[in-house]
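In the numbering used here, the protein residues as written are 2 to 239. The C-beta atom is built at its ideal place from N, Cα and C for all residues, glycine as well. First the structure, in the form of structure tokens, and then the observations on it.
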């Protein structure tokens, strides 16, 4: 994808998420029947299980309203970054009202052009962001650049279930019902129609594993969560 196309997609995604920022958390929990909270807990657990660094420095890429950043504060200090400022403002409000085990700092930054020196972090995580990137491979490479050798990467995102029983019913919900409900509650046309389109265009988890390995990660493993509705990819920087 050329630079102009990358810029156009980035602007489109930023504008979409900015438009629904005020209802984003509610809709995430409502449309997933609160299962998204469990997925974040699993992500924290799997990274914690692999972590060997005391008080690791953690980066949450595309942190949105900071739910994953807050969840990871139990392991160490977290920097959350996002290029959608309305989302960051909501996340900053949460942080200001709460008390967390370690510091959580939010800044504006693009996942494809992170404002950090090489090998700055021990852990990099991201939730429901990778499929929105104009260049997924570049996203893996930029995360690898700021991750120290041996550091951990955790990617949580949506997938499509593969089980014969769940898959057809989920497709109907995902393609028809979810966009309709999302549009009504958010009051914004478009973002919740974009969601199923972006997920169906997203590479399979096996392909994501290949992309991660090609970008400089080893011991890459993945889990299919809730029958494949979500995926968790975990790897270690070479």
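Where do the ends of the beta strand (DSSP E) carrying residue 53 lie?
-> Unbroken run through residue 53: none, as it is neither H nor E.
Neighbourhood of residue 86 by C-beta, 8 Å cutoff - its chain only, sequence neighbours within 5 removed = The answer, listed in chain order, is 19, 109.
Considering only the beta carbon of each residue, do residue 159 and residue 212 sit closer than 9 Å?
-> Inclusion of residue 159 and residue 212 in the CB contact set at 9 Å is not warranted, their separation being larger than that value.
Which residue comes first and which comes last in the beta strand (DSSP E) that contains residue 234?
-> DSSP places residue 234 inside the beta strand (DSSP E), whose first and last residues are 231-238.
Could you have a look at residue 218 and say whether DSSP puts it in helix, strand or coil?
-> Judged by DSSP in its simplified three-state form, residue 218 adopts strand.
Please classify residue 1: is it buried, with 16 or more other beta-carbons within 10 angstroms of its beta-carbon, or exposed?
-> Residue 1 cannot be examined here, being either before or after the span of the chain that is shown, 2 to 239.
7 Å CB neighbourhood of residue 49 in its chain, flanking five on each side removed = Excluding residues within five positions, the ones whose Cβ falls inside 7 Å are 76.
For residue 59, name the three-state secondary structure that DSSP assigns.
-> The answer is strand: DSSP assigns residue 59 an E or B state.
Cβ of residue 64 within 9 Å of Cβ of residue 115?
-> In this structure, residue 115 does not lie closer than 9 Å to residue 64 by Cβ.
Would DSSP call residue 210 helix, strand or coil?
-> In the structure shown, residue 210 adopts helical secondary structure according to DSSP, grouped into three states.
For residue 222, which option in 229, 207, 231 has the closest C-alpha, if you only look at C-alpha atoms?
-> Across the set 229, 207, 231, the C-alpha of 207 shows the shortest separation from the C-alpha of residue 222.
DSSP three-state assignment for residue 27, whether helix, strand or coil = The answer is helix: DSSP assigns residue 27 an H, G or I state.
Length of the line joining the Cα atoms of residue 61 and residue 111 = Taking the straight line joining both Cα atoms gives about 12 Å.
Does the Cβ of residue 14 have 16 or more other Cβ atoms within 10 Å, making it buried, or fewer, making it exposed?
-> Flag for residue 14 reads buried.
May I have the straight-line CA-CA distance separating residue 197 from residue 131, to the nearest angstrom?
-> Per the coordinates, the alpha-carbon of residue 197 lies some 14 Å from the alpha-carbon of residue 131.
6 Å CB neighbourhood of residue 246 in its chain, flanking five on each side removed = The shown model of the chain, from 2 to 239, leaves out residue 246, and the question about it has no answer.
Determine the burial state of residue 236: buried for a count of at least 16 other Cβ atoms within 10 Å of its Cβ, exposed for fewer.
-> Result: buried.
Secondary structure at residue 125, three-state DSSP: helix, strand or coil?
-> Residue 125: strand per DSSP, three-state reduction.
For residue 105, does the three-state DSSP call read helix, strand or coil?
-> Three-state DSSP puts residue 105 in a strand.
Give the range of the beta strand (DSSP E) segment to which residue 159 is assigned.
-> Segment 148-159, the beta strand (DSSP E) holding residue 159.
Other residues of its chain near residue 167: CB distance less than 7 Å, five sequence neighbours each side excluded | So the qualifying residues of the chain are 228.
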